[in-house]
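Protein chains in written order, with our numbering: chain A, 1304 to 1447; chain B, 1304 to 1447.
Glycine included, every Cβ here is placed at the ideal spot set by N, Cα and C.
For clarity, every value in this text was computed on a predicted model and none was experimentally measured.
Some notes on the structure that comes next.
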DNA sequence: ATCAGTGCAAACCATTTGCACGCGA
DNA sequence: TCGCGTGCAAATGGTTTGCACTGAT
């Protein structure tokens, strides 16, 4: 709504706004969920807008590189979410059920960024994920 | 720093202590780095202790399930580290030359871990990488 | 002696890529 | 029109699995 239109952001980087890219972003826009490439492909198919799986992958990759979406790696593959700079956050990832929970952004992260700057690094992005077992999986785990 | 012996931990869960498992753990023990299955396989091969890649995968999986090692998913695959390893550090990764620079462990990271605990999460491991361009690559980049 | 663990090769599955055609600017 | 973007199919690469053999207890 108040953030720059997708088309603008793409054009600024020299990319075209295609139907497929629009559809993918609409999808990530609507849902606050994190979706895999396959999820997106499936669901678009059910909306009668069949776009190829390759294209979904290609565009998720592009959108990730541009910084419009964020990629989260899981043992079974990656999931994606829309990035909003204002609401930057990180994740807890359950190694059993792969549930992903957001944790609040913590200003102390800046300590790391400062070190990066001191090392002469131009920071482009960063990833931070905590892996573990969620409460319910831990319960199952202890009883097996 | 005497933690339970590997053999004991395995036996407690009904698993055997095999040469291969011992070798893999020795490896993770020694190195403070996080290694991929392939890394471990390669390096063991160079030590004249050739164990099959499948076995490395199978055992890393087992050790992860038992909670002896932590698995970290990255887009290019998984890396593993010893769980008790509190003294690990994080990295700056140059997106151009792929140079990796270590940065010191920062106690503020505990703030995140605390949040994980509050969410009922059993922390097994975490991943934190800063992506950017190193000083020399930035120079080249600006002149291309 | 038994059965979990191993090696090998083949299978799997998410993701990437080469190529020819189609569509956005 | 021009060249990026797409679809298709085939390739890739990390990881898993079926099977027969080996080794730890």
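Proximity test, Cβ basis, 8 Å: residue i and chain B
i              : result
residue 1392/A : no
residue 1433/A : yes
residue 1419/A : yes
residue 1337/A : no
residue 1441/A : yes
residue 1325/A : no
residue 1386/A : no
Beta-carbon neighbours of residue i, restricted to chain B and to distances below 9 Å
i              : result
residue 1436/A : 1370, 1424, 1425, 1426 and 1427
Cβ-Cβ distance between residue i and residue j below 8 Å
i              : j              : result
residue 1339/A : residue 1380/A : yes
residue 1415/A : residue 1429/B : no
residue 1400/A : residue 1423/B : no
residue 1362/A : residue 1322/A : no
residue 1325/B : residue 1354/B : no
residue 1433/A : residue 1419/B : yes
residue 1318/A : residue 1395/A : no
residue 1328/B : residue 1309/B : yes
residue 1398/A : residue 1384/A : no
Exposure label - residue i; buried when at least 16 CB within 10 Å
i              : result
residue 1442/A : exposed
residue 1375/B : buried
residue 1377/A : buried
residue 1367/B : buried
residue 1421/A : exposed
residue 1305/B : Reliability fails at residue 1305/B, whose pLDDT of 48 lies under 50, so the model's placement of it is uncertain and no value is given.
residue 1351/B : exposed
residue 1407/A : exposed
residue 1427/B : buried
Chain-ordered neighbours of residue i on chain A, where CB pairs are closer than 8 Å
i              : result
residue 1404/B : 1422 and 1424
residue 1312/B : The premise fails here: residue 1312/B is roughly 15 Å from chain A at the closest Cβ pair, so nothing lies under 8 Å.
residue 1415/B : 1393, 1406, 1409, 1431 and 1433
Integer Cβ distance of residue i from residue j, believed to fall under 8 Å
i              : j              : result
residue 1435/A : residue 1425/B : 5 Å
residue 1331/A : residue 1320/A : Going by Cβ atoms, the distance from residue 1331/A to residue 1320/A rounds to 15 Å, so no, they are not a contact pair.
residue 1370/A : residue 1386/A : 6 Å
residue 1356/A : residue 1344/A : 5 Å
CB contact check: residue i to chain A, cutoff 8 Å
i              : result
residue 1340/B : no
residue 1447/B : For residue 1447/B, the predicted structure reports a pLDDT of 49, less than 50, and the residue's modelled location is therefore unreliable. The matter cannot be settled from this model.
residue 1383/B : no
residue 1377/B : yes
residue 1317/B : no
residue 1308/B : no
Contact list for residue i against chain B, beta-carbon separation under 7 Å
i              : result
residue 1395/A : 1419, 1422 and 1424
residue 1359/A : By Cβ distance, chain B contributes nothing, its closest Cβ being about 16 Å from residue 1359/A, past 7 Å.
Cross-chain neighbours of residue i in chain A, by beta carbon under 7 Å
i              : result
residue 1373/B : 1434
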